[in-house]
Amino acid sequence: MQHIYIATAPKRLVEVLTLDQYGNWLTAFGNGHFLPDREKLGLAACPFCEDERQGGLCKAEKGIYSIANTFSDVASIETMTMVMVRTDGQILTRVESAQRGLTNLFITALSFSGCPKLSLMSWSWDYYVASANDKDLFYAFFSAFLTGKYLQMEEKNNGELRQEFMAEIRDLYETLNRFVGNIKILSTKDANMNAFISLIDLATLFQLRIDKYLGHFRSMLANEVPLHNCPKSHNCP
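Going by my numbering, the letters in the sequence shown line up with residues 153 to 389, in that order.
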């Protein structure tokens, strides 16, 4: 079982997210559920989501809007304390800006949503490090993607893998953009919007810099000393 707790201001502590090992919600968020006005925002139901086709909310929306609802009056400059108790018993405590904390919460909610368009998020969860920079996050996502393909026994060439990874990032970008209008409606201060926009910016950055990041990683591998050139004292095969 995994718990995440957030303190957003003095004397304010909210149990934000409680998940079982399969990512199912065990504890509801505060302030009730938000029902988006898709017609007003010009949004059609997602064709990939059975819940939306039946007039409901997908799990990704429920998680995102519930977080935004709970922290609607939080400013980016406030601090948040996030305590994560992972399934392996490891406890991680971080004090960070509200914007950064909410970004991590949104990523968590999306990762456990079960949304078929966000499979990359669920694969990447075990690789995710809250303090990582953009490039390290890209490598984490790409590693998770390649691991998933390997475990599925899919044989692909480099070009095919690159195209499929880009398609996953585009799905993430498109899904995030569907939620922006309602995040704005929910928020009286800026932390929610700034955190969510930073996620969209990250997806945009991945699309723009994929060749740069992969090229950098390729050059790192090329500069490694091959085993057959190791000194004899190493006794390498």
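The C-beta atom is built at its ideal place from N, Cα and C for all residues, glycine as well.
These numbers come from a predicted model, not from an experiment.
How long is the line joining the alpha carbons of residue i and residue j, rounded to whole angstroms?
i: Ser-263; j: Ser-371; result: 31 Å
i: Val-168; j: Tyr-365; result: Annotation note: pLDDT 45 at Val-168 (below 50); position unreliable, coordinate value reported separately. When rounded, the distance between both Cα atoms is 34 Å.
i: Thr-299; j: Leu-254; result: 28 Å
i: Asn-221; j: Thr-231; result: 18 Å
i: Pro-268; j: Leu-313; result: 18 Å
i: Gln-133; j: Glu-213; result: The displayed coordinates of the chain run from 153 to 389. Any statement about residue 133 would go beyond what the structure contains.
i: Gly-311; j: Lys-341; result: 43 Å
i: Ile-335; j: Asn-344; result: 7 Å
i: Ala-227; j: Asp-353; result: 19 Å
i: Lys-301; j: Phe-290; result: 17 Å
i: Thr-233; j: Glu-248; result: 7 Å
i: Asp-288; j: Ile-216; result: 24 Å
i: Ser-224; j: Asp-286; result: 26 Å
i: Leu-351; j: Glu-307; result: 31 Å
i: Ser-265; j: Asn-346; result: 21 Å
i: Arg-252; j: Glu-202; result: 32 Å
i: Asn-309; j: Leu-303; result: 16 Å
i: Phe-358; j: Ile-349; result: 14 Å
i: Gln-315; j: Arg-361; result: 14 Å
i: Cys-198; j: Arg-246; result: 35 Å
i: Gly-208; j: Phe-331; result: 15 Å
i: Ser-339; j: Gly-367; result: 40 Å
Once the 5 residues before and after residue i are set aside, which same chain residues still bring their CB inside 7 Å of it?
i: Ala-355; result: Ile-321, Leu-324, Tyr-325, Leu-328
i: Phe-297; result: Leu-272, Trp-275, Phe-317, Glu-320
Which residues share a DSSP beta bridge with residue i?
i: Met-232; result: Glu-248
Among the residues of its own chain, which have a CB less than 8 Å from the CB of residue i, if the five just before and after it don't count?
i: Leu-270; result: Ala-212, Leu-262, Ser-263, Asp-323, Leu-324, Thr-327
i: Ala-250; result: Thr-160, Phe-223, Val-226, Ala-227, Ser-228, Ile-229, Glu-230, Thr-231, Met-232, Ala-343, Ala-347
i: Cys-210; result: Cys-198, Cys-201, Asp-203, Glu-204, Ser-265, Cys-267
Which same chain residues, not among the five before or five after residue i, have their C-beta less than 6 Å away from its C-beta?
i: Phe-369; result: none
i: Leu-257; result: Ile-219
Practice problem: Scan the region 285 to 313 and note each continuous beta strand (DSSP E) run of 3 residues or more that stays entirely inside, going in chain order. | Solution: none
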